[in-house]
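Trainee: Sequence positions in the sequence shown follow mature numbering (1 follows the signal peptide of the UniProt record, and there is no 0) and run -31 to -1, 1 to 681.
Here a beta-carbon is modelled for each residue, glycine too, at the ideal position from N, C-alpha and C.
Since this is a predicted model, take the numbers as computed values, not measurements.
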Amino acid sequence: MRFLSFVDLPCHPCMAMVILPLLLLVPLTAAQTWPACGESGNYKSNSTYEANLKLLSSILPKKAASNTTLFATDTVGNVPNTIFALALCRGDSNASACEGCLVTAFQDGKEHCTSNKDATVYYNSNPCMLRFSNQNFLATNVNDNIFVIVSLEMFINISTRAFNFLLFTLLNNTAQSAANSSRRFTTSRLDVSSLPTLYCLMQCTPDLSADDCAACFQPYSQLTLKYMDRRKGGRLLGTRCSMRYEIYPFFQADPMLHIISLVSELPPINNTMPPVTLYPPPQSQPLSPVAAPPPPEAQATTQELHGRNSRRRVLWIIAVAAPLLSIFLCVICFVVWMRRRRKGTEIVHDQAATNRPEEDALVWRLEEKSSEFILFDFSEILHATHNFSKENLLGQGGFGPVYKGQLPDGIEIAVKRLASHSRQGFTEFKNEVELIAKLQHSNLVKLMGCCIQGEEKLLVYEYLPNKSLDFFIFDVSRTTLVDWNKRCVIIEGIAQGLLYLHKHSRLRIIHRDLKASNILLDQDMNPKISDFGLAKIFSSNDTQGSTKRVVGTYGYMAPEYASEGIYSIKSDVFSFGVLLLEILSGQRNSGFHQHEDFLNLLGYSWQLWEGGRCLEILEASIAKEIHAAEARRYINIALMCVQEHADDRPTMSNVVAMLNSEGVILPEPKHPAYFNLRVSKEDESGSVLDSHNDVTICSNNDVTITEEPDGR
């Protein structure tokens, strides 16, 4: 692999102070010319090959400049002195600039690749590239002499994955546009929040077909993913196609393409990449320029010898002192840097935590253009909620308040406002955005979009006027509004929503916090499952997972999950069973105290079932209107769902089938979990740390939040 002699100064001022004096001691090189010299032999001075090259240099620049595509190829001379040449100017250049650049390129090719029969010349700022060779490279479409040039400056407020999505989106869209254009040339821009706009230029030689141009660009996606991690600029230069991106507009005129759609996935990095010349080297160390040849020795007088000896002494002193001074300054810079680093450690961590939502917003900003998901401006939310007025406050969740709002088109929304500096809240925030935005079901709450601006992080949902299920079934005055038929519809809707999460969605999801306060009701009292902050994604082959940090709500958690951190679809089934008993009885499992002889709602229901008096569990307002057989079937299903061992519980597919099959005889349930455990209201909304099992249970009656290092 060849390395370039182009040196880019580090940005650190201390290092610049050290390096600048040293650079003055060495000769400068042609920093803006990037040559590639071939290995097909040299030509002699005043030879036929040199004459042919001189002729070619007078013909090809004019030929390319006169072409509307600013491109030309030519062949001059007979074997063995035939020269094949290709010249291409950037698509945003003009004829005069193109011709002048190519004239210079021939001169630079001869200078940097002295007497070499094969030379390629690229430039940093000049708008052209040139290759000439005694080998017929024009007969193929091979993209030779690829240079990878990366900026030494990097983004620090974005993850590698998020940046790769953005960069691949930029390159993929620009490459497609360039390949399909008549000139095989496109410029583009990609606007992202919290980062500068990204600008890109991609170009193939116009003699390539659209398919050949696309094939030429194909390895570039691999090269960018490998070499350009979070770089603020980069280039891929080849004889057949090239790419450049920067954080500033470096091309003429406005971008030809404005990219708004994010790619769905990144290509895997493989090892079948073409050979490249990389700058800077992997160690990111500047290379020493090639020393100039010493001047020829001349006859010296005695006075000249004395002067030369004096200069040698001065140079010797400089040679010794300069490294010592450099080392001394480096030590000082290192000490200062270490002190600042210690002081800034906490600040860096805080910035990293702050940047997490910003980098995710980059991806979401693009996704909104290709879906119904919207990334709202903060000003829109302020206007919709009347500056988060008290009159618009709907309630207080575990991670912040919830406000009602109205968009300019009249659509009503519910806005969850994440409490400031709540890192735990951001875990839920990110989870909900990434999960619910991809889910579509009539029994799941619809996430319309979100908003991120500084410390403000908001989730925007469809507005559901009837609040949550617990608002009705646990209130004496409102429980009569939910009759038996409505409760049956609610029960079946919740079951259908869970079945979708477990089996029919694109992602297999375990909710982990199913409870009455997380069931919202629309204007027709249809249920919608909400609050996916604790949800876990399963692969299709997984049956269960585990975590060291258990999160959820007392009274709804399956025993294997609460004690061992093992969760599965059967964990949600257990929560559904508890919720079903609460809907039927109108009583909370937490704080159940109506019958002092029994410790909780599950135990009381089991006792009545064994005694043949299960209908006594029903809430008084619905007891008179029920069909006894139907109610008994619902209680049977609920008790099957809360059985102690996960293997004994049905799946949600079984539950939905049993709810809709009146003639099917159901199996007898086994005793429920937590038969001898009382759960208080204080326990439900509190936090407990079990030091023996390292289990933390955190919850709130409205929204459950936590931070989990082990991820989803």
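Just reading off the alpha helix (DSSP H) that tryptophan 515 is part of, what are its end residues?
Mentor: Note that residue 515 corresponds to serine in the displayed sequence, not to tryptophan. Here serine 515 belongs to no alpha helix (DSSP H); instead the beta strand (DSSP E) covers 513 to 515.
Trainee: Going along the chain, which residues of its own chain have a beta-carbon closer than 7 Å to the beta-carbon of leucine 351, five neighbours each way excluded?
Mentor: Within its own chain, no residue has a Cβ closer than 7 Å to the Cβ of leucine 351 once the five positions on either side in sequence are excluded.
Trainee: With arginine 602 as the anchor, note down where its alpha helix (DSSP H) starts and where it stops.
Mentor: 597 to 610
Trainee: If we ignore side chains and look at the alpha-carbon of each, how far apart do leucine 467 and aspartate 452 end up?
Mentor: 23 Å
Trainee: As an exercise, report each continuous alpha helix (DSSP H) stretch of at least 4 residues that is fully enclosed by the segment 482 to 551, in chain order.
Mentor: 528 to 533
Trainee: Pick helix, strand or coil for alanine 56, following the three-state DSSP scheme.
Mentor: The DSSP-derived three-state label of alanine 56 is strand.
Trainee: To the nearest angstrom, how far is it from the Cα of residue 682 to the Cα of glycine 203?
Mentor: Because the chain spans -31 through 681 in this model, residue 682 falls outside it and cannot be assessed.
Trainee: Could you check how far apart the C-beta atoms of asparagine 141 and serine 157 are, in whole angstroms? I think they sit under 8 Å.
Mentor: That pair is no contact at about 11 Å.
Trainee: Keeping to the same chain, check which residues put their C-beta closer than 7 Å to that of threonine 2; ignore five residues upstream and five downstream.
Mentor: Asp77, His81, Val90, Tyr92
Trainee: Is the Cβ-Cβ distance between proline 243 and proline 188 less than 9 Å?
Mentor: yes
Trainee: Name, in chain order, the residues that DSSP records as bridge partners for valine 371.
Mentor: Gly364, Lys385
Trainee: So for leucine 121, helix, strand or coil by DSSP?
Mentor: Leucine 121: coil per DSSP, three-state reduction.
Trainee: Cα separation between glutamine 320 and methionine 171?
Mentor: In this predicted model, glutamine 320 has a pLDDT of only 39, less than 50, meaning its place in the structure is not dependable; the value taken from the coordinates is given anyway. If I take the Cα positions, the gap works out to 35 Å.
Trainee: Could you check where the alpha helix (DSSP H) with valine 72 kicks off and where it finishes?
Mentor: 64 to 81
Trainee: Expressed to the nearest angstrom, what Euclidean distance is found between the alpha-carbon atoms of asparagine 605 and glutamate 461?
Mentor: 15 Å
Trainee: Any idea which residues DSSP pairs tryptophan 578 with across the strands?
Mentor: In the DSSP output, where bridge partners are listed per residue, tryptophan 578 has none listed.
Trainee: Helix, strand or coil for proline 641 per DSSP?
Mentor: strand
Trainee: How many Å lie between threonine 208 and leucine 247 at the Cα?
Mentor: Threonine 208 and leucine 247: Cα-Cα distance of roughly 16 Å.
Trainee: Out of Thr193, Val161, Ala144, Asp160, which has the shortest C-alpha to C-alpha gap to cysteine 185?
Mentor: Ranking the options by Cα distance to cysteine 185, first place goes to Ala144.
Trainee: Would you mind stating whether lysine 436 and leucine 362 have Cβ atoms separated by less than 9 Å?
Mentor: no
Trainee: Using DSSP bridges, identify the partner residues of isoleucine 245.
Mentor: A small fix is needed here, since residue 245 is valine in this sequence, not isoleucine. Answer is Ile115.
Trainee: Pull up the CB-CB distance for phenylalanine 40 and threonine 174, whole angstroms please, since I reckon it's below 8 Å.
Mentor: 6 Å
Trainee: For the beta strand (DSSP E) containing threonine 37, name the first residue and the last one.
Mentor: Boundaries cannot be given for threonine 37, as no beta strand (DSSP E) includes it and DSSP labels it neither H nor E.
Trainee: Using the three-state DSSP reduction, which class does glutamate 215 fall into: helix, strand or coil?
Mentor: Look at glutamate 215 here: in three-state DSSP terms it is strand.
Trainee: For alanine 147 and threonine 354, what's the separation of their Cα atoms in angstroms?
Mentor: Answer to the nearest angstrom: the Cα atoms are 45 Å apart.
Trainee: Within 10 Å of its beta-carbon, does cysteine 299 have 16 or more other beta-carbons around it, so buried, or fewer, so exposed?
Mentor: In the assembly as shown, cysteine 299 is an exposed residue. Its beta-carbon has fewer than 16 other beta-carbons within 10 Å.
Trainee: To the nearest angstrom, how far is it from the Cα of alanine 527 to the Cα of isoleucine 301?
Mentor: 59 Å
Trainee: Between the Cα of phenylalanine 342 and those of Glu637, Cys419, Glu631, Arg475, spot the shortest distance and give me the residue it belongs to.
Mentor: The shortest C-alpha separation from phenylalanine 342 is found at Cys419.
Trainee: So what does DSSP say about threonine 620, is it helix, strand or coil?
Mentor: coil
Trainee: Would a C-beta distance cut-off of 9 Å place glutamate 599 and glutamate 637 closer than the cut-off?
Mentor: no
Trainee: Report the rounded CA-to-CA distance for proline -22 versus leucine 121, giving the unit in angstroms.
Mentor: Here proline -22 scores only 41 on pLDDT, less than 50, and its place in the model should not be relied on; the value that follows carries that caveat. Between proline -22 and leucine 121, the C-alpha separation is close to 7 Å.
Trainee: How far does the beta strand (DSSP E) with isoleucine 421 in it extend, from its first residue to its last?
Mentor: Here the beta strand (DSSP E) through isoleucine 421 covers 416 to 422.
Trainee: Which value, in whole angstroms, describes the spacing of the CA atoms of alanine 485 and serine 622?
Mentor: 21 Å
Trainee: State the start and end residues of the unbroken alpha helix (DSSP H) segment that holds alanine 88.
Mentor: Where alanine 88 is concerned, there is no enclosing alpha helix (DSSP H), although the beta strand (DSSP E) it sits in stretches over 88 to 92.
Trainee: Return the first residue and the last residue of the beta strand (DSSP E) that histidine 227 is part of.
Mentor: 226 to 228
Trainee: In whole angstroms, what is the alpha-carbon distance linking phenylalanine 347 and isoleucine 118?
Mentor: Rounded to whole angstroms, phenylalanine 347 to isoleucine 118 spans 39 Å at the Cα level.
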